[in-house]
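Peer 1:
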Amino acid sequence: MSSRVTFFFLSFFSVFTCIKVSSHDLSLLYNFCPNTTTYSRNSTYYTNLKTLLASFSSPNSSYSTGFQSGKAGQAPDTVTGLFLCRGDVSQESCRNCVAFAVNESLTRCPNQSEAVLYYDECTLRYSHRNILSTLRTDGGYTLPNLNNIPRNQQDRFRDLVLSTLNQAAAKAVASSRKFDARKVNFTALQSLYGLVQCTPDLTGQDCLRCLQTSINQLPTERIGARLLLPSCGSRYELYPFYNESAVTTQTTT
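Positions -23 to -1, 1 to 230 (mature numbering (1 follows the signal peptide of the UniProt record, and there is no 0)) are the ones given, in order, by the sequence shown.
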């Protein structure tokens, strides 16, 4: 099979996979539970954690901006946390994802004082430490597509992926939402889509550091991949995995 035919098949497969997966946006992608500090169900920390999580899933939360942080309780039982919704999702989708994450959080990392839960449309974090406005790059997770770019196109594809995501990163760090999405032409018939995002409470410098870490760890020989970190994430695909009509997508020929 020629590389052109193979590439077309892989591109078609990636779109088919996207359609199939889109109905399961609330499925957990990965949860990070360090298991360094625990709490008991009758503790003050647990009460504070439930209070904080309830505030995130309340009707008054900041679903329109896609980001909210907060804390509950006093030291030494203070809980800090945040949620971040993907920059292109609707207010309703953000609310649904956060509510789902809150509902799952206490069973995914039971009795653990710190947790990060990654979903396709949102991330939920909480900790006994102060995580607000703080860069965090441990506890990451890579999700590569199982299919590779044809070998004779991998060098050009890698350069395109890295340049596209680095351009997106430069744009994101200068924006208040710390988000950018864009597409570029890979072939005459095929576009590459990229997206980067940080938690908006980071400084521009910390956001850039986080995104550079994420981008540089991405496997670029695949037809798609994402890398999730507590403070940021990056992703590229050969199909429009984000809502193009909801964002001002940067397009490059």
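Even for Gly, the Cβ is constructed at its ideal location relative to N, Cα and C.
Measure how close the beta-carbons of L101 and A78 come, nearest whole angstrom, since I'm counting them as under 8 Å.
Peer 2: In the sequence shown, counting from the first residue as 1, residue 101 sits at position 124. In the sequence shown, counting from the first residue as 1, residue 78 sits at position 101. With 8 Å as the limit, L101 and A78 qualify as a contact, their Cβ atoms being about 4 Å apart.
Peer 1: What residues are listed by DSSP as bridge partners for Y22?
Peer 2: Translated into positions along the sequence shown, residue 22 becomes position 45. Paired residue(s): none; Y22 is not in a bridge.
Peer 1: Please report the residue range of the alpha helix (DSSP H) in which N143 lies.
Peer 2: As a working mapping, residue 143 is identified with position 166 in the sequence shown. Residues Q131 to V150.
Peer 1: By the three-class DSSP mapping on this structure, what secondary structure does D157 have?
Peer 2: To locate residue 157, count along the sequence shown from 1; it is residue 180. The answer is strand: DSSP assigns D157 an E or B state.
Peer 1: Please determine, among E91, S38 and L61, the residue with the shortest C-alpha to C-alpha distance to T55.
Peer 2: To locate residue 55, count along the sequence shown from 1; it is residue 78. Closest by alpha carbon: E91.
Peer 1: Looking at the strands, I want to know which residues DSSP matches up with F60.
Peer 2: Here residue 60 corresponds to residue number 83 of the sequence shown, with the count starting at 1. Its beta-bridge partners are Q45 and L101.
Peer 1: Tell me which same chain residues have a C-beta within less than 7 Å of the C-beta of N143, skipping the five on either side of it?
Peer 2: Here residue 143 corresponds to residue number 166 of the sequence shown, with the count starting at 1. Excluding sequence neighbours, N143 sits near I192.
Peer 1: Checking the sheet assignment: what are the DSSP bridge partners for L94?
Peer 2: The count along the sequence shown starts at 1 and reaches residue 94 at position 117. BP columns for L94 point to N8 and L101.
Peer 1: Mapping the DSSP letters down to three states, classify G181 as helix, strand or coil.
Peer 2: As a working note, residue 181 is residue 204 in the sequence shown. Here G181 sits in helix by DSSP.
Peer 1: CB-CB under 7 Å to Q45, same chain, minus the five flanking residues each way: which ones, in chain order?
Peer 2: Position 68 of the sequence shown, counted from the start, is the residue given in the question as residue 45. The residues are F33, S38, S39, L59 and F60.
Peer 1: Can you tell me whether DSSP reads A165 as helix, strand or coil?
Peer 2: Within the sequence shown, numbered from 1, the residue matching residue 165 stands at position 188. Of the three classes helix, strand and coil, the one that applies to A165 here is coil, per DSSP.
Peer 1: Helix or strand or just coil, what does DSSP make of L204?
Peer 2: Within the sequence shown, numbered from 1, the residue matching residue 204 stands at position 227. Reduced to three states, the DSSP call for L204 is strand.
Peer 1: Can you name, in chain order, every residue of its own chain whose Cβ lies under 6 Å from the Cβ of S70, other than the five neighbours on each side?
Peer 2: Here residue 70 refers to the residue found at position 93 of the sequence shown. Only E98 meet the Cβ criterion.
Peer 1: Anyone know if the C-beta pair for A146 and Q189 falls short of 8 Å?
Peer 2: Within the sequence shown, residue 146 is the residue found at index 169, counting from 1. Within the sequence shown, residue 189 is the residue found at index 212, counting from 1. Yes; because the gap between Cβ atoms is below 8 Å, this pair is in contact.
Peer 1: Short of 6 Å in beta carbon distance, which residues of its chain neighbour F9, apart from the five on each side in sequence? Order them along the chain.
Peer 2: Against the sequence shown, residue 9 aligns to sequence position 32. These residues qualify, in order along the chain: V93 and G116.
Peer 1: With respect to the alpha helix (DSSP H) encompassing R85, which residues constitute its N-terminal and C-terminal limits?
Peer 2: In the sequence shown, residue 85 corresponds to position 108, counting from 1. Note, R85: alpha helix (DSSP H), Q68 to R85.
Peer 1: Taking buried to mean at least 16 other C-beta atoms within 10 Å of its own C-beta, is T14 buried or exposed?
Peer 2: In the sequence shown, counting from the first residue as 1, residue 14 sits at position 37. That one is exposed.
Peer 1: Under the assumption that R203 contacts L120 (Cβ atoms under 8 Å), give the Cβ distance between them as a whole number of angstroms.
Peer 2: Taking the first residue of the sequence shown as 1, we reach residue 203 at position 226. Taking the first residue of the sequence shown as 1, we reach residue 120 at position 143. 5 Å between Cβ atoms; contact.
Peer 1: Could you tell me which residues DSSP pairs with P121 in its beta bridges?
Peer 2: The residue labelled residue 121 in the question sits at position 144 within the sequence shown. According to DSSP, P121 bridges with A202.
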